[in-house]
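Chains as they are written, first to last, in the working numbering: chain A, 1 to 295; chain B, 296 to 606. Don't be surprised by glycine CBs; every beta carbon is placed ideally from N, CA and C.
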């Protein structure tokens, strides 16, 4: 009896030891991950704080404590370039809006065909579609530029928006194909028996059900277009058409003069929409990455 | 089902199911596909062929292309600057992609074990991947590693005399590599998703056999994750070869100092769009495509030695 009790006691004692070790281990892990996260975000937080400092203090303060709040940088940066910064924000928003609309319409149409219809050449075209996801942009950029130059589209938003209406971002076609496949076929078949055409099924059955995939597409398109630099750099030449990316680049050219403060402030302004999208749409973002295994 | 399982199953079934189809929807299917097909032909395949043609010409956008045979390619062979930029790019890919993936995998493993606050950490660690491609962050990077940037100020706290990392040809590329590794969040998300798909029974069985956590990792987790690691590697290599924005902004558009950040794409941009050497730029683009294809082919070939498929 006594030995039995002693053994039981020892066992629970040992278990408790293991448990504390585990909580300590867990705690250490949390501390470690938090430290990593903080280190990673440090430059971003510093950027925000620095943009709120008087210009003269920016390069003297590596810390995050803000002793003196000043909005001068924002005021200066907003009007430092040839147009007010709102112009560039608006241009970028127009571009983003066009790109999102284009991608939603064209990619969902193609995805419906790949996921639901049987047609000659389906496997080959699907393979080609997957391959274009990996095709380097630079291989086609020169002739594309020539094409759009011949059409007189350079220095307009058209070269940046029209391709989106032609489902050039095959990544989203793939994402939507994956999603449509997870929708039970019985739903379309029921509609089919009721005499619905494919277009009707696409519009009234599939599209409403694939809202999460559409949201993911819209969010990624937003981020990519907002961050895009290369194609905006080659297609948009006059400052009135400049986007946020190009405007920030202009700050850099002019930064021999002391416009660091204004440049930082406008950098923060340019990151705010991304951050908002991140906060609102992170569920779709993370889902999109996880289900396609890309970016 | 992600892109890797998709490509694998494609290579296996080779359209058998299509031939079986008795009732086809050709007409309506091609209507649905019309925008995509038009884009494929007019914006992807057409320009690809055109760029191959242009690579054998001298073309400046103003006069019509002038056929010069292999001259562009011959010129490339002797263009010291091109090879310098090629080496810069390869160094960037080789030194940024593996650490990026290893980091992503390690953090994913750390976060995976039913950690409290997982969603929070996942989001916070993902944020840099989302912002990392922007011009704003590249501008920030110039400051972080600048002469009086945060890095040097922090080093000064420890009594170390820093230097202008961006303006030193020896270190400039490394600042861009660090920027790239900083965006490990998205492969981390993919790894987390992959980890969640490993059946719990495997671990239960291993525990019954008394396998240590380390053994479980090397005999269950790692092998089952190799297909995902592989496809992440393939895609990250392809994407890294195309990096442009960060090198452009960090170097102020020059690829300097001393061409140390002159990425291949940056050189291509300067040749094609600053000097309007469209023929030469096209030849460069095809060279880049072939290099990427070669790296990808090597990855696929090499995968048979380390990638494990469960099925």
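Near the ligand ATP: residue i beta-carbon under 6 angstroms from a heavy atom
{"i": "residue 164/A", "result": "You won't find the ligand ATP in this model; it holds no ligand whatsoever."}
For residue j and residue i, believed in contact at Cβ under 8 angstroms, the rounded distance
{"i": "residue 399/B", "j": "residue 483/B", "result": "4 angstroms"}
{"i": "residue 99/A", "j": "residue 221/A", "result": "5 angstroms"}
{"i": "residue 560/B", "j": "residue 537/B", "result": "6 angstroms"}
{"i": "residue 353/B", "j": "residue 340/B", "result": "Actually they are not in contact, since the Cβ atoms of residue 353/B and residue 340/B sit about 24 angstroms apart, beyond 8 angstroms."}
{"i": "residue 278/A", "j": "residue 425/B", "result": "6 angstroms"}
{"i": "residue 420/B", "j": "residue 37/A", "result": "6 angstroms"}
{"i": "residue 427/B", "j": "residue 378/B", "result": "The Cβ separation is near 28 angstroms, so there is no contact."}
{"i": "residue 552/B", "j": "residue 106/A", "result": "With 8 angstroms as the limit, residue 552/B and residue 106/A do not qualify as a contact, their Cβ atoms being about 43 angstroms apart."}
Inter-residue spacing [alpha-carbon to alpha-carbon] between residue i and residue j
{"i": "residue 91/A", "j": "residue 244/A", "result": "8 angstroms"}
{"i": "residue 317/B", "j": "residue 119/A", "result": "Residue placement at residue 317/B cannot be trusted, given a pLDDT of 46 that sits under 50; what the coordinates show is reported in the next sentence. Each residue's alpha carbon lies about 10 angstroms from the other."}
{"i": "residue 293/A", "j": "residue 29/A", "result": "27 angstroms"}
{"i": "residue 188/A", "j": "residue 198/A", "result": "9 angstroms"}
{"i": "residue 599/B", "j": "residue 592/B", "result": "12 angstroms"}
{"i": "residue 151/A", "j": "residue 171/A", "result": "27 angstroms"}
{"i": "residue 461/B", "j": "residue 273/A", "result": "28 angstroms"}
{"i": "residue 315/B", "j": "residue 113/A", "result": "Any reading at residue 315/B needs caution, since the residue's pLDDT is 47, under 50, leaving its predicted position unreliable; the model's value is listed next. Cα to Cα, the separation comes out at about 18 angstroms."}
{"i": "residue 296/B", "j": "residue 595/B", "result": "Only weak support exists for where residue 296/B lies, its pLDDT of 47 falling under 50; the value from the coordinates is given anyway. Cα to Cα, residue 296/B sits roughly 19 angstroms from residue 595/B."}
{"i": "residue 117/A", "j": "residue 333/B", "result": "19 angstroms"}
{"i": "residue 135/A", "j": "residue 260/A", "result": "37 angstroms"}
{"i": "residue 386/B", "j": "residue 23/A", "result": "42 angstroms"}
{"i": "residue 1/A", "j": "residue 407/B", "result": "With a pLDDT of 42 at residue 1/A, under the threshold of 50, the modelled position of this residue cannot be trusted; read the value that follows with caution. Cα to Cα, residue 1/A sits roughly 44 angstroms from residue 407/B."}
{"i": "residue 211/A", "j": "residue 491/B", "result": "24 angstroms"}
{"i": "residue 501/B", "j": "residue 519/B", "result": "14 angstroms"}
{"i": "residue 580/B", "j": "residue 356/B", "result": "17 angstroms"}
{"i": "residue 444/B", "j": "residue 59/A", "result": "7 angstroms"}
{"i": "residue 270/A", "j": "residue 453/B", "result": "34 angstroms"}
{"i": "residue 576/B", "j": "residue 488/B", "result": "40 angstroms"}
{"i": "residue 48/A", "j": "residue 168/A", "result": "36 angstroms"}
{"i": "residue 446/B", "j": "residue 529/B", "result": "32 angstroms"}
{"i": "residue 83/A", "j": "residue 546/B", "result": "25 angstroms"}
{"i": "residue 233/A", "j": "residue 346/B", "result": "20 angstroms"}
{"i": "residue 324/B", "j": "residue 289/A", "result": "28 angstroms"}
{"i": "residue 166/A", "j": "residue 102/A", "result": "7 angstroms"}
{"i": "residue 582/B", "j": "residue 381/B", "result": "10 angstroms"}
{"i": "residue 458/B", "j": "residue 430/B", "result": "24 angstroms"}
{"i": "residue 74/A", "j": "residue 55/A", "result": "11 angstroms"}
{"i": "residue 506/B", "j": "residue 373/B", "result": "58 angstroms"}
{"i": "residue 303/B", "j": "residue 128/A", "result": "14 angstroms"}
{"i": "residue 57/A", "j": "residue 361/B", "result": "57 angstroms"}
Residue i vs residue j beta-carbon contact at 7 angstroms
{"i": "residue 395/B", "j": "residue 486/B", "result": "no"}
{"i": "residue 142/A", "j": "residue 573/B", "result": "yes"}
{"i": "residue 268/A", "j": "residue 51/A", "result": "yes"}
{"i": "residue 563/B", "j": "residue 138/A", "result": "yes"}
{"i": "residue 531/B", "j": "residue 392/B", "result": "yes"}
{"i": "residue 350/B", "j": "residue 588/B", "result": "no"}
{"i": "residue 179/A", "j": "residue 213/A", "result": "yes"}
{"i": "residue 556/B", "j": "residue 435/B", "result": "no"}
{"i": "residue 148/A", "j": "residue 154/A", "result": "yes"}
{"i": "residue 88/A", "j": "residue 159/A", "result": "no"}
{"i": "residue 327/B", "j": "residue 109/A", "result": "yes"}
{"i": "residue 342/B", "j": "residue 68/A", "result": "no"}
{"i": "residue 265/A", "j": "residue 77/A", "result": "yes"}
{"i": "residue 602/B", "j": "residue 539/B", "result": "no"}
Residue i - containing alpha helix (DSSP H), residue span
{"i": "residue 61/A", "result": "From DSSP, residue 61/A is part of no alpha helix (DSSP H); its letter is neither H nor E."}
{"i": "residue 525/B", "result": "517–536"}
{"i": "residue 325/B", "result": "321–334"}
{"i": "residue 594/B", "result": "573–598"}
{"i": "residue 122/A", "result": "122–134"}
{"i": "residue 75/A", "result": "72–79"}
{"i": "residue 469/B", "result": "467–476"}
{"i": "residue 232/A", "result": "230–235"}
{"i": "residue 496/B", "result": "495–503"}
{"i": "residue 489/B", "result": "480–491"}
{"i": "residue 370/B", "result": "366–373"}
{"i": "residue 100/A", "result": "85–116"}
{"i": "residue 247/A", "result": "244–253"}
{"i": "residue 346/B", "result": "341–349"}
{"i": "residue 602/B", "result": "Unbroken run through residue 602/B: none, as it is neither H nor E."}
{"i": "residue 357/B", "result": "Taken as a continuous stretch (DSSP letters only), residue 357/B belongs to no alpha helix (DSSP H), as it is neither H nor E."}
{"i": "residue 542/B", "result": "540–545"}
{"i": "residue 508/B", "result": "508–511"}
Closer than 7 angstroms to chain E by CB, residue i
{"i": "residue 443/B", "result": "Looking for chain E here will not work: the only protein chains present are A and B."}
Quick one: which unbroken alpha helix (DSSP H) runs of 4-plus residues sit fully inside the segment 138–211 of chain A? Chain order, please. 138–150, 158–161, 170–181, 185–193
List in chain order: all unbroken alpha helix (DSSP H) runs of 4+ residues lying wholly within the segment 258–293 of chain A. 260–292
Can you list, in chain order, the stretches of the alpha helix (DSSP H) that have 4 or more residues and sit fully within the segment 375–444 of chain B? The segment 375–444 of chain B contains these whole alpha helix (DSSP H) runs: 375–407, 413–426, 430–439.
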